[in-house]
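Q:
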């Protein structure tokens, strides 16, 4: 797995209606630590939210990870009400009417989330992303 940062200028072209919440990670301070690491690596987030419940969102295209039949894979790393929110379109695709539909990979979203947490922990050199019990799985139908 490799992540390619999507800058704010390209954000709306990369983000799809199929991006859904993978999970919220509730460890105290984790959101702030991840934000600082991402800001150090990439500068300005992909989006800058004005609302107090969501202050940043970094969007990435995922390389070297099988997301077929989807042509690309997107993840979002954001804060939501003080928690770290991981979202992705893994297991979803837009149909001809641009409506999100589940793919055969939908059932593997939890495994993808675990792989993503492991990758982020190593890549960003942070602790606690792979600890058991730190995540709160969200409704797969929710938006991210």
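In the working numbering, the protein residues as written are 308 to 451.
Glycine included, C-beta positions come from ideal geometry on N, C-alpha and C.
The structure presented is a predicted model; accordingly, all values stated were derived computationally and were not measured.
1. Find the nearest neighbour of residue 417 within the set 408, 371, 394, judged by alpha-carbon distance.
2. Closer than 8 Å by C-beta to residue 308: which residues in its own chain qualify, once you throw out the five before and the five after it? Chain order, please.
3. Do you know offhand how far residue 401's Cα is from residue 362's?
4. Tell me the rounded alpha-carbon separation between residue 351 and residue 390.
5. Label residue 324 either buried or exposed according to how many other C-beta atoms from any shown protein chain fall within 10 Å of its C-beta, with 16 as the threshold for buried.
6. Apart from the five residues just before and just after residue 412, which ones in its own chain have a Cβ nearer than 6 Å to its Cβ?
7. Hey, out of 337, 354, 374, 334, whose CA is closest to residue 383's CA?
8. Just curious, the alpha helix (DSSP H) that residue 337 is in, first and last residue?
9. How far does the beta strand (DSSP E) with residue 380 in it reach, from first residue to last?
10. For residue 343, is the classification buried or exposed, using 16 other Cβ atoms within 10 angstroms of its Cβ as the cut-off for buried?
11. For the alpha helix (DSSP H) that contains residue 426, what are its first and last residues?
12. Starting from the Cα of residue 327, find the closest Cα among 365, 432, 381 and give me that residue.
13. Kindly indicate the opening and closing residues of the beta strand (DSSP E) around residue 390.
14. Taking C-beta to C-beta, are residue 367 and residue 433 nearer than 8 Å?
15. Cα-Cα, which of 436, 435, 431 is closest to residue 346?
A: From the atom records:
1. Locating residue 417 in the chain shown gives position 110, where the first residue counts as 1. Ranking the options by Cα distance to residue 417, first place goes to 394.
2. The residue labelled residue 308 in the question sits at position 1 within the chain shown. Annotation for residue 308: 369, 370, 371, 372, 422, 423, 426 place their beta carbon closer than 8 Å to its own, counting only its chain and skipping 5 residues before and after.
3. Numbered from its first residue, the chain shown carries residue 401 at position 94. Numbered from its first residue, the chain shown carries residue 362 at position 55. Rounded to the nearest angstrom, the two C-alpha atoms are 27 Å apart.
4. Within the chain shown, residue 351 is the residue found at index 44, counting from 1. Within the chain shown, residue 390 is the residue found at index 83, counting from 1. Cα to Cα, the separation comes out at about 19 Å.
5. Residue mapping note: residue 324 aligns to position 17 of the chain shown, counting from 1. When all chains shown are included, residue 324 counts as exposed.
6. Counting from one through the chain shown, the residue named residue 412 turns up at place 105. Counting only Cβ-Cβ distances below 6 Å, and skipping sequence neighbours, we find 398.
7. Indexing the chain shown from 1 puts residue 383 at position 76. If we check each option's Cα against that of residue 383, 354 comes out closest.
8. Taking the chain shown and counting its residues from 1, one reaches residue 337 at position 30. Taken as a continuous stretch (DSSP letters only), the alpha helix (DSSP H) holding residue 337 covers 337 to 349.
9. Your numbering for residue 380 matches position 73 in the chain shown. Counting along the chain, no beta strand (DSSP E) covers residue 380, and no H or E run does either.
10. As a working mapping, residue 343 is identified with position 36 in the chain shown. Here residue 343 is exposed. Its C-beta has fewer than 16 other C-beta atoms within 10 Å.
11. Your numbering for residue 426 matches position 119 in the chain shown. Its alpha helix (DSSP H) spans residues 416 to 431.
12. Working through the chain shown from its first residue, we reach residue 327 at position 20. Ranking 365, 432, 381 by Cα distance to residue 327 puts 381 first.
13. What you label residue 390 is simply residue 83 of the chain shown in a count that begins at 1. For residue 390, the enclosing beta strand (DSSP E) has its first and last residue at 390 to 395.
14. Position 60 of the chain shown, counted from the start, is the residue given in the question as residue 367. Position 126 of the chain shown, counted from the start, is the residue given in the question as residue 433. No; because the gap between Cβ atoms is not below 8 Å, this pair is not in contact.
15. As a first step, residue 346 is located in the chain shown; it is residue number 39 there, counting from the start. The candidate whose alpha carbon is nearest that of residue 346 is 431.
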